[in-house]
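The sequence shown begins at 7 in my numbering and counts up by one.
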Amino acid sequence: MILIGTQEGKRTDYMRRAAAAENIPLELLPWDALRNPSSPEELSKNTLLGNQAMERLQGEAVKIDPPPSRTYELQWMKRQLKAYGDALKGLDRAECTFLNTPEAISRLLDKRYAKHLLMEKDIPVTEMFPEEIGNLEQLLDLMERRRCYSVFLKPRYFSGAAGVAAFRLHPKQGKFCLYSSCRLKDNELINTKKLMRTENPREVRPLLDRLLTLDCVVERWHPKADFHGKSYDLRVVFQFGHVAFTVARQSAGPITNLHLNNQALPVNCLGLAPSILDEIEQICAQACSAFPGLSMAGVDILLERGTLRPRIIEMNGQGDLIYQDIYGENQIYREQARRLPAR
Ligand SMILES: Nc1ncnc2c1ncn2[C@@H]1O[C@H](COP(=O)(O)OP(=O)(O)OP(=O)(O)O)[C@@H](O)[C@H]1O
Ligand SMILES: [Mg+2]
């Protein structure tokens, strides 16, 4: 099995352990050895896309992990992501068995495309509005027209909650409330690891105007179920046709990503009815089969407050790094090591 990934880091480390435990020889093909990391534009021209690398991948079982990335300035992330998209296109020519094909990974990196496809197939999702919004005035207009006063904004291609913002407008008083982990510094959007909340229009207006230049999707902000006074959602790793692992992410604010100081909970703490867990598994199966070439996805799911009805927030084609699993039985990666080369 070949892992395209980084020299160091938990993904590589625990995939190595998983392969060793399953007696599968694993070779690392590091992104860094294949490109000049100081220049993201070079990613698309790297030797990996040359014939030699294509020959190396020929006939192998291949997993693609994300390349190393800088996640501080959002503009830089945008350029990096473009280059990553180009590299994935190049890799698509390789004749091998991918865990997730480069094309499937690319399709999921595009939140607009992925959500649109799921909506078309009537899979329950958090509702995305079709309008493309370029500034705050257009956003306020959309919210008025749709009578939807609480929304999520998410840069179309980003991950790791970068640039994600939850925004509420009080329709009568015209007051704003914004939660986000990004902020403006010297007129540049930067990513932080702390969720901030502000009602100050002098902060909200320039930040949202800037964020909306990044090509954002706009969604209805769906209230999440809560547990012991804090809301939560779920990250479900679905692979090879079944749920491999589920972790609940509990937070005081509306954005639950675990690197923002939120808390992971074992899903069985929540006492969810078996019928809800079955429904989640079915939705994940339907959603994954909508994307050809996808054997694994990290599916973010919220349960609506009150009804506990599941809705998919998004799917991640490389969303299988779960600390609660790698530090435990490492069963997600072990199953990949066992099943991928056997295909
Ligand atoms: N429409 C929504 N309604 C309610 N909560 C939402 C909505 N969209 C996103 N969220 C919250 O914001 C978080 C981040 O959103 P999302 O997963 O789409 O972004 P991301 O940057 O791709 O994250 P990652 O790559 O880490 O999964 C979600 O986990 C969820 O807690
Ligand atoms: Mg997510």
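Glycine included, every Cβ here is placed at the ideal spot set by N, Cα and C. Here the structure is a predicted model, which means the values were calculated and not measured.
query: Rounded straight-line distance, which links the Cα of Ala26 to that of Gly169; result: 38 angstroms
query: Best match in Lys191, Lys181, Gln324, Ile338 for proximity to Glu109 [C-alpha to C-alpha]; result: Gln324
query: The region 126–136 touching the region 195–211, judged by at least three CB pairs closer than 8 angstroms; result: no
query: CA-to-CA distance, Ala250 to Leu327, given in whole angstroms; result: 12 angstroms
query: Ala168 beta carbon near ligand 1 (any heavy atom closer than 7 angstroms); result: yes
query: Length of the line joining the Cα atoms of Ser281 and Leu220; result: 40 angstroms
query: Strand pairing of Ile318, partner residues [DSSP]; result: Val131, Ile307
query: Cβ-based burial, Leu275 [other Cβ within 10 Å; buried from 16]; result: The residue asked about is misnamed: residue 275 is Cys in this sequence, not Leu. It counts as exposed.
query: Sufficient close CB pairs (3 or more, under 8 angstroms) joining the region 218–235 to the region 177–191; result: no
query: Straight-line gap, Pro43 to Arg311 (C-alpha atoms, nearest Å); result: Legend: pLDDT at Pro43 = 41, less than 50; position of this residue unreliable, no value from coordinates given.
query: Three-state secondary structure (DSSP) of Asp232; result: strand
query: Continuous beta strand (DSSP E) stretch holding His248: start and end; result: 248–257
query: Heavy atom of ligand 2 within 7 angstroms of Ile319 beta-carbon; result: yes
query: Local conformation of Ser237 per DSSP, three classes; result: strand
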